[in-house]
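Letter by letter, the sequence shown follows residues 58 to 642 of our numbering.
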Amino acid sequence: MRGVDTDDTDGSSRAELPSDVPLYTHVALSDDFVPFLCSRNAAEDRVKIERILLDHYDPDQQKWDGWAWAKDQASFKLSEALQTLNSFCTETEFLPLEDIRMELPQSEGTMSESKRFLGAVILCDELISPVLVDSLQPFAALSKLHLSRWMFLKRVYGILLSGSSMVFIRLDRAGVVLSNEIDIHQNPKVILQALFGCLALAKDSLDATISWTRDDFLFARREDNQSSDYVLEEPLFHNPRIPGSGARVFLVHEATKPETQLVLKDWWRESDAVDEGELLCEVSGLFGLPEYHAHWTVFLGDQDNQDYDYEFEQQSEDVAPVELERQLLIHSRLLSTVRGEHLLKFRNSPRVVLTAIHDAILGHWSLFQAGYLHDDVSYGNVLVLPSPVPAAHYRNYSKLPVTPLLDQCTAILIDFDTAIPIAELREGRQLLRPKTKKGTAVYMSTRIMEGSERFGSWVQDDLESFLWVLLVTAFWVKDPLAGLAKSSIEYILKKILFPDGAGKDSKIRDHKLGLLVVFSRESRRPFTYADPLSRQYHEVIKKWCTYAMDRYFTPKKATEEEIVGDEQIYLDVLGILREAIASLS
């Protein structure tokens, strides 16, 4: 089970995760949710329902016998109501209703805690009518904990319950779906049908393509009458943010080929974004990019008339958003062949760091020439290869804009799930970026953070993002303790790029341009460094920041001759890095 509940422990990797967005603000109210639940009743469920109604419901009084009555909402006790519901089913099947406000027993280990989900669990909370978005916070908090921790749990079902009404709820990696309120006493059959349907869906919410034996944790691939099992060796990365992709990366090997290691990415991709698997298959073999092995959409053979696992069922299309529109997410897996290391491991070797960024920029160039803008350059997306690869190995070797350093490739640029096809970008001198730009504020370009228009170049913003990757890597040291160290550039940079409290993105935006200004010129007061090693990065950062400032202040009414195009910007930035690398030799 190792790797199922892992968290990334690299501080700079954690810092690149997007800002928290409350799951309970992504809410959709669906008139079709209850009918959909009822449609999941099996024949034996219908027999149980009739027996329960006969034994426990008084049709003349239109009320349940033995129901946990409450004179008012304040005296309503959820625990008693859940006991009553469970008592209805003791002769047939126990409903696994769990009060979310009850403290769970401490787990002795990952395996024992995970067994809670080998059987279905329906989370329950008190219904305060009318349902307000903020009232979903406790429910959403527990669901987020389960969904972010257990990758084999696809969604969480539950009910909100009062003395007279019930609301059904589903939480997944895209947000929340709510039913309308149902009167418990006026609609007894619907209540039971929906309950048993909810139970069936809760059982189906476990990913059947993930399993484990006593020794191994397995991912199954089933498609085109072929099957493969991949054994987990080591967890590499986990983005626990929900709503979001829930991306996890593992080192695995095929069960029949234990000698061959692969990197498996498991995530929920947006349906309107590029298919990263298809894209990597297209660009595999290009300099500075990962090598493709396989990809697939997670197949669920136990769902009628639905081949693929979508976060938002097709039966629930008639959904009106309460606050924010829900994303349609598709569960996907991707295998590549090479594992890399993050830059911080090599911070003490500036030549290695600068060469890796140089080669990752060539990977960005390869992707751009193939027709895609990466659009999410960040620290976590630049990986140093375990050993250099001869440049001639790559099929675009002869077309690269510069000769590879030492005729080899030392790093790759990964993660294409937010890449933009160049064909979809607006043509012309005034190149306006999509308003839906996503990414990590720390690494976004200054103009993108300001929401400004871009003139003349598409790649300029991404290449500035590489500069922020270098800044974070070069100056990432443990917090200085006291005295003059607090005036050090490392301390100041951390305070500006990784602020505490609310409104982090706006705080970063307000200071980014100022940082470029400071680094691009000689200060009257020399920089103070907490770590002498940081000084070795000073000159290259100064030159690159000066170049970024020149690009930032390119006048909007500049003539065509004054606008620097994409190819020249690549050459300029690569030239700055190559000069710095040569000086370190």
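All residues carry an ideal CB built from backbone N, CA and C; glycine is no exception. Just so it is clear, the structure is predicted and the values come from calculations on it, not from any experiment.
Report yes if the CB atom of Ser-389 is closer than 9 angstroms to the CB atom of Trp-353, and no otherwise.
Counting from one through the sequence shown, the residue named residue 389 turns up at place 332. Counting from one through the sequence shown, the residue named residue 353 turns up at place 296. Yes, the pair counts as a contact, with Cβ atoms nearer than the cut-off.
With the cut-off set at 9 angstroms, would you say Lys-543 and Ile-553 are in Cβ contact?
For this step, residue 543 is matched to residue 486 along the sequence shown. For this step, residue 553 is matched to residue 496 along the sequence shown. Cβ atoms of Lys-543 and Ile-553: not closer than 9 angstroms.
I'd like to check one pair, Val-91 with Ile-239: are the Cβ atoms closer than 9 angstroms?
Looking up residue 239 in the sequence shown gives position 182. Looking up residue 91 in the sequence shown gives position 34. Taking 9 angstroms as the Cβ cut-off, Ile-239 and Val-91 qualify as a contacting pair.
Per-residue burial, Asp-88 [other beta carbons within 10 Å of its own, 16 or more giving buried]:
As a working mapping, residue 88 is identified with position 31 in the sequence shown. Answer is exposed; the Cβ neighbour count stays below 16.
Can you tell me which of the three DSSP states Ser-96 falls into?
Taking the first residue of the sequence shown as 1, we reach residue 96 at position 39. Coil at Ser-96, not helix or strand.
Are there three or more Cβ pairs, one per stretch, closer than 8 angstroms when the region 321 to 333 is compared with the region 438 to 453?
no
With three or more beta-carbon pairs closer than 8 angstroms as the criterion, would you say the region 473 to 483 touches the region 400 to 419?
no
Contacts around Val-247, its chain only, beta-carbon distance under 8 angstroms, and the 5 residues preceding and following it disregarded
By one-based count along the sequence shown, residue 247 stands at place 190. So the list reads Val-91, Cys-95, Ile-239, once near-sequence residues are dropped.
Any idea if Asp-182 is buried or exposed, counting beta-carbon neighbours within 10 angstroms, 16 or more meaning buried?
Counting from one through the sequence shown, the residue named residue 182 turns up at place 125. That one is buried.
Alpha-carbon to alpha-carbon, Ala-605 and Asp-519
Taking the first residue of the sequence shown as position 1, residue 519 is located at position 462. Taking the first residue of the sequence shown as position 1, residue 605 is located at position 548. One C-alpha to the other measures close to 11 angstroms.
Contacts around Phe-576, its chain only, beta-carbon distance under 7 angstroms, and the 5 residues preceding and following it disregarded:
Here residue 576 is taken as the residue at index 519 of the sequence shown, counted from 1. Result list for Phe-576: Ile-598, Lys-599, Cys-602, in chain order.
Identify every run of the beta strand (DSSP E) within the region 288 to 348, keeping only runs that are complete inside it and at least 3 residues long; order them along the chain.
305 to 311, 314 to 327
On the DSSP letters alone, give me the boundaries of the alpha helix (DSSP H) that Phe-145 sits inside.
In the sequence shown, counting from the first residue as 1, residue 145 sits at position 88. 135 to 145 is the extent of the alpha helix (DSSP H) around Phe-145.
Put Val-574 into one of helix, strand or coil per three-state DSSP.
Your numbering for residue 574 matches position 517 in the sequence shown. Reduced to three states, the DSSP call for Val-574 is helix.
Evaluate the contact criterion for the region 429 to 446 versus the region 395 to 413: three or more CB pairs, one atom per stretch, below 8 angstroms.
yes
Under the three-state reduction of DSSP, which class applies to Ile-185: helix, strand or coil?
Mapped onto the sequence shown, residue 185 falls at position 128. DSSP places Ile-185 in coil when its eight states are reduced to three.
Near the ligand FAD: Phe-294 beta-carbon under 8 angstroms from a heavy atom
You won't find the ligand FAD in this model; it holds no ligand whatsoever.
To the nearest angstrom, report how far apart Gln-194 and Thr-467 are at their CA atoms.
Against the sequence shown, residue 194 aligns to sequence position 137. Against the sequence shown, residue 467 aligns to sequence position 410. Roughly 46 angstroms between the two C-alpha positions.
Closest to Val-234 by C-alpha separation, out of Ser-522, Tyr-548, Val-190, Ser-642, would be which residue?
The residue you call residue 234 lines up with position 177 of the sequence shown. Ranking the options by Cα distance to Val-234, first place goes to Val-190.
Within the same chain, show all residues whose beta-carbon is closer than 8 angstroms to that of Ile-638, passing over the 5 residues directly before and after it, in chain order.
Taking the first residue of the sequence shown as position 1, residue 638 is located at position 581. Arg-408, Leu-411, Thr-412, His-415, Leu-462.
Are at least three pairs of beta-carbons, each pair with one atom in the region 287 to 304 and one in the region 224 to 234, less than 8 angstroms apart?
yes
Would you mind reading off the limits of the alpha helix (DSSP H) that contains Tyr-594?
For the purposes of this step, residue 594 is taken as residue 537 along the sequence shown, with counting starting at 1. Counting along the chain, Tyr-594 falls outside any alpha helix (DSSP H), and DSSP gives it neither H nor E.
Opening and closing residue of the beta strand (DSSP E) in which Glu-155 lies
Indexing the sequence shown from 1 puts residue 155 at position 98. Run containing Glu-155: 154 to 156, per the beta strand (DSSP E) assignment.
Within the continuous alpha helix (DSSP H) that includes Asp-229, where are the two ends?
Residue mapping note: residue 229 aligns to position 172 of the sequence shown, counting from 1. Element bounds for Asp-229: not the alpha helix (DSSP H) but the beta strand (DSSP E), 222 to 229.
Same chain, Cβ closer than 7 angstroms to Phe-174, five either side skipped, listed in chain order
Residue numbering aside, residue 174 sits at position 117 when the sequence shown is read from its first letter. Note that Phe-174 has pLDDT 48, beneath the 50 cutoff, so the model's placement of it is unreliable and the number below is only indicative. So the qualifying residues of the chain are Trp-207, Leu-210, Leu-263.
Quick one: Cα of Asp-562 to Cα of Asp-115, how far?
To locate residue 562, count along the sequence shown from 1; it is residue 505. To locate residue 115, count along the sequence shown from 1; it is residue 58. Between Asp-562 and Asp-115, the C-alpha separation is close to 58 angstroms.
Does any residue of chain C have a CB that is nearer than 9 angstroms to the CB of Leu-462?
Note that chain C does not occur in the displayed structure, where there is just one protein chain.
State buried or exposed for Tyr-627, treating a residue as buried only when at least 16 other CB atoms are found within 10 Å of its CB.
Locating residue 627 in the sequence shown gives position 570, counting from the first residue. Its Cβ being crowded by 16 or more others within 10 Å, Tyr-627 is buried.
Do Val-288 and Ala-312 come within 9 angstroms of each other at the CB atom, strictly closer than that value?
Position 255 of the sequence shown, counted from the start, is the residue given in the question as residue 312. Position 231 of the sequence shown, counted from the start, is the residue given in the question as residue 288. Contact flag set, yes.
Spatial distance of Arg-278 from Glu-507 (CA atoms)
As a working mapping, residue 278 is identified with position 221 in the sequence shown. As a working mapping, residue 507 is identified with position 450 in the sequence shown. About 43 angstroms.
Beta strand (DSSP E) containing Leu-442: first to last residue?
Reading the sequence shown from its first residue, position 385 is the one you call residue 442. Looking at the DSSP string, the run of the beta strand (DSSP E) that includes Leu-442 is 439 to 447.
Counting along the chain, where does the alpha helix (DSSP H) carrying Gly-632 start and finish?
Taking the sequence shown and counting its residues from 1, one reaches residue 632 at position 575. Run containing Gly-632: 623 to 641, per the alpha helix (DSSP H) assignment.
Can you say whether Val-104 is buried or exposed, counting buried as having 16 or more other CB atoms within 10 angstroms of its CB?
Here residue 104 is taken as the residue at index 47 of the sequence shown, counted from 1. Under this definition Val-104 is an exposed residue.
What residue range does the alpha helix (DSSP H) around Phe-253 cover?
The residue labelled residue 253 in the question sits at position 196 within the sequence shown. Taken as a continuous stretch (DSSP letters only), the alpha helix (DSSP H) holding Phe-253 covers 245 to 261.
9 angstroms Cβ cutoff met for Asp-588 and Gln-517
Residue 588 sits at position 531 when you count from the first residue of the sequence shown. Residue 517 sits at position 460 when you count from the first residue of the sequence shown. Taking 9 angstroms as the Cβ cut-off, Asp-588 and Gln-517 do not qualify as a contacting pair.
Contact check, Phe-225 vs Cys-255 under 8 angstroms by CB: the rounded distance?
On the sequence shown, position 168 is the one that residue 225 refers to. On the sequence shown, position 198 is the one that residue 255 refers to. Indeed, because the Cβ distance is near 6 angstroms, the residues count as touching under 8 angstroms.
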